[in-house]
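Everything on this sheet refers to the single structure shown next.
Chains as they are written, first to last, in our numbering: chain E, 1 to 417; chain F, 1001 to 1288.
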């Protein structure tokens, strides 16, 4: 008789059953799903990689059939209008359009990031008119086709009253998508009671005597310009190596504990509350703060140079009331309205004929506001002369997206970490 | 094979709902994130897949202090929470009596209010002229320019407060499961209360501690609300950086690289911890 098979049952099973059991099957399917997802991914961009001028009929196509709605939602930066909004009241009186004015823009980067998803999906952002600075984000708005092309037939006041330089901008030639709101300068603001010596140079922002009391902007373009100017480099001619040098200089300022914080628009409140004594600042904000709070902050454009930028009216392409928006744009180019606005905000107005009106208002004023009106009617911060303009530089310009990404990657870690 | 096709496919069918959910909501997003972290480009001109590993190196180099700080804060928070949670859980489990569920409900009551609102209310309590510091400054216990907001202790306090129930509940569950006869037996064998705790109760509660650590260390390290509200620029955590990169700068490759790295670090940390704790199979303990 043969012996019963001495082989172990398990061994027999292992040799005869399938090698691939259920667990292996699941494992393989999971891994392959993952691998497929990995290889397939790439996120499509919204815009074209080369800047395109819109087709000649794009203006006609956009504005065809658009009518006045009677209501306007206007997004702007803080400190760009008298809180009593006399200009908007006048606008409502003359045109019957009610305006919902919101000061929701604090910094360009976050604003673009906030509205980009909705605009990319073709949805309304809740605003018909917004004010955006020339710079990286402006170019992104244009490239992504997020801005409506303007119909200059509906902008007679702009054509008649705007200064020549504002019709020749490099960032929006021909004013296809925007017309200027105001221009402004970035310099240094300081509290003379806390900072005993008058400040004149950028190097003062690096002074260890003000450790922990210095504010800088969190906008990478503003920060980079000051870093470059502190190193004696012209931003318009700067290269990647220059940016690295500027970033190292700024990092040294940060590591030494000199910078308290990197601010957006809220720097002016920090200056007011004494959180910082000396800070990067925008020209008109300081003038307004002195009037509204009775403070005595000083604003100065440093010897090494400052920055000049232009904030522009733009209509998002998904605006619900573009006709009302363009009427508002044109309204602010009336000389008396431009004068009224510039008198309050203290920024550079794009309407040169506002100056004689402001001078007349200053002469006629008998209240204690007279000194301030005199100041803004003649100030080089509101009507810059050639010597002031010579010290001012634009933001760094980028020939392509890769350079821009490299720029952001150099300066963002300073602000975010 | 004697089994019908239906019998062989049945297990796969049973796994299908859970497996599909895991695949769609976990595996695919994870893979998409890893894939995105290897792309280059920007939002306007699109991201193209180039397997650009340099992103990881750059992200680590630029934000290493944030990563380190987040892990340290997470660790300190977890340790503090174990110290705070254990007595609470012990008391509810052993001395709670009839009202155990009431006490647990009271513990969870703050969760009815939004996480962010609770953190902001801590900011009001701890601010320079707030509820806590005004009397202390009036009695000259602390100097006049003393501030709590904006320092590391404020952030750790916020983190500890917000995640405490996640530590108390697992420890409570583990303590609940301890058979009281084991404790009795220890007492019968002449063990002092301290020895009973040290040799019987604490080791039996360790799986609960492990689960609590799992549920607090990971969210605490990646939190950004507390650092945003209660901290300053010297206490930034990696969660804030990731959020800023995703939502403000729209730099998706760096943000994804940081997310994935953080996840990997936390996973490695948890596995090492499980080994030290002596649990042979991490998944088995977590499931208990």
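Glycine included, every Cβ here is placed at the ideal spot set by N, Cα and C.
So, residue 107/E versus residue 265/E, is the Cβ gap smaller than 8 angstroms?
Contact: yes.
Near residue 1168/F, what residues of its chain come up, given a Cβ to Cβ distance below 7 angstroms and the 5 sequence neighbours on each side ignored?
Result list for residue 1168/F: 1085, 1088, 1089, 1107, in chain order.
What residues in the stretch 104-118 of chain E bring their beta carbon closer than 7 angstroms to a beta carbon of chain F?
Residues passing the 7 angstroms Cβ filter: 109, 110, 113, 116.
For a contact meaning CB atoms closer than 9 angstroms, what does residue 1247/F contact in chain E?
What residue 1247/F touches in chain E: 110, 113, 114.
Applying the criterion that 16 or more other CB atoms from any shown protein chain within 10 Å of the CB defines a buried residue, is residue 196/E buried or exposed?
It counts as exposed.
Just list the alpha helix (DSSP H) runs in the stretch 1237-1287 of chain F, keeping only unbroken ones of 4 residues or longer that don't cross its boundaries, in chain order.
If we require 4 residues or more, the alpha helix (DSSP H) runs fully inside the stretch 1237-1287 of chain F come out as 1238-1243, 1252-1277, 1282-1287.
Please give me, in chain order, every unbroken run of the alpha helix (DSSP H) with length at least 4 that falls completely inside the stretch 1022-1089 of chain F.
DSSP runs (the alpha helix (DSSP H)) wholly in the stretch 1022-1089 of chain F: 1028-1037.
With a cut-off of 8 angstroms, do at least 3 Cβ pairs link the stretch 108-126 of chain E to the stretch 91-98 of chain E?
Touching, no.
Does the beta-carbon of residue 350/E have 16 or more other beta-carbons within 10 angstroms, so that it is buried, or is it exposed?
Burial call: buried.
Let's see if you can read the secondary structure: which residues bound the beta strand (DSSP E) around residue 260/E?
Where residue 260/E is concerned, the enclosing beta strand (DSSP E) stretches over 259-263.
Mind checking whether residue 420/E and residue 257/E have CB atoms under 8 angstroms apart?
Look at the range of chain E in this structure, 1 to 417, and you will see that residue 420/E is not part of it.
The stretch 1223-1243 of chain F: which residues have C-beta closer than 9 angstroms to a C-beta of chain E, in chain order?
The stretch 1223-1243 of chain F vs chain E, Cβ under 9 angstroms: 1232, 1233, 1234, 1236, 1240, 1241.
Do residue 214/E and residue 276/E have their C-beta atoms closer together than 8 angstroms?
Contact flag set, yes.
Exposed or buried, which one is residue 1325/F when buried takes at least 16 other CB atoms within 10 Å?
No answer is possible for residue 1325/F: it lies beyond the span of chain F, which begins at 1001 and ends at 1288.
Using 8 angstroms as the Cβ pair cut-off and three pairs as the minimum, do the stretch 300-310 of chain E and the stretch 220-233 of chain E touch?
The stretch 300-310 of chain E, when compared against the stretch 220-233 of chain E, does touch it at the 8 angstroms Cβ threshold.
Along the beta strand (DSSP E) that carries residue 308/E, what are the first and last residues, could you check?
Note, residue 308/E: beta strand (DSSP E), 306-314.
Residues in its own chain within less than 7 angstroms of residue 243/E by CB, not counting five upstream and five downstream?
For residue 243/E, where only same-chain residues beyond five positions count, the Cβ hits under 7 angstroms are 224, 407, 410.
Using a Cβ distance threshold of 8 angstroms, determine whether the stretch 1195-1208 of chain F contacts the stretch 1234-1253 of chain F, with at least three qualifying pairs required.
Short answer: they don't touch.
Helix, strand or coil: which one does DSSP assign to residue 1128/F?
Correct three-state label for residue 1128/F: coil.
Quick check: is the beta carbon of residue 244/E nearer than 8 angstroms to any beta carbon in chain F?
Not an interface residue.
Should residue 1042/F be flagged as near chain E, meaning a C-beta pair shorter than 8 angstroms?
Answer yes: the Cβ-Cβ gap between residue 1042/F and chain E drops below 8 angstroms somewhere.
I'd like to confirm the pairing. Which residues does DSSP put opposite residue 180/E in its beta bridges?
Partner(s): 312/E.
Nearest to residue 315/E by alpha carbon, out of 7/E, 25/E, 36/E, 74/E?
The shortest Cα separation from residue 315/E among 7/E, 25/E, 36/E, 74/E belongs to 74/E.
Can you tell which of 1129/F, 1218/F, 1045/F, 1268/F has the C-alpha that lies nearest to the C-alpha of residue 1070/F?
With distances taken between Cα atoms, residue 1070/F lies closest to 1218/F.
Can you say whether residue 1257/F is buried or exposed, counting buried as having 16 or more other CB atoms within 10 angstroms of its CB?
Looking at its Cβ environment, which holds 16 or more other Cβ atoms inside 10 Å, residue 1257/F is buried.
What do you get for residue 15/E, buried or exposed, if any count of 16 or more other CB atoms within 10 angstroms of its CB means buried?
Classification of residue 15/E: exposed, given that the 10 Å Cβ count is below 16.
Counting pairs of beta carbons, one from the stretch 180-188 of chain E and one from the stretch 291-302 of chain E, are three or more of them closer than 8 angstroms?
Counting Cβ pairs under 8 angstroms, three or more are found: they touch.
Count the other CB atoms, across all protein chains shown, that sit within 10 Å of the CB of residue 228/E; report buried if there are 16 or more and exposed otherwise.
Per the 10 Å Cβ criterion, buried.
Round the Cβ separation of residue 183/E and residue 310/E to the nearest angstrom and send it over; I've been treating them as touching at under 8 angstroms.
Between residue 310/E and residue 183/E the Cβ distance is about 5 angstroms, and since that is below 8 angstroms, they are a contact.
So residue 1250/F contacts chain E; which residues on that side make the cut at Cβ distance below 9 angstroms?
Simply 109, 112, 113, 116.
Which residues bound the alpha helix (DSSP H) around residue 252/E?
240-255 is the span of the alpha helix (DSSP H), which, as asked, contains residue 252/E.
How about residue 68/E and residue 324/E: are their beta carbons less than 8 angstroms apart?
Yes, these two residues count as a Cβ contact at 8 angstroms.
Output, in chain order, the set of chain F residues within a Cβ distance shorter than 9 angstroms of residue 100/E.
Within 9 angstroms Cβ-Cβ: nothing; residue 100/E doesn't reach chain F, min ~25 angstroms.
For residue 250/E, would you say it is in contact with chain F, using Cβ-to-Cβ distances shorter than 8 angstroms as the test?
No, residue 250/E does not count as interfacial toward chain F.
According to DSSP, simplified to helix, strand and coil, what is residue 132/E?
Reduced to three states, the DSSP call for residue 132/E is strand.
At a CB distance below 9 angstroms, what residues from the stretch 271-289 of chain E approach chain F? Give them in sequence order.
Cβ contacts with chain F: none found.
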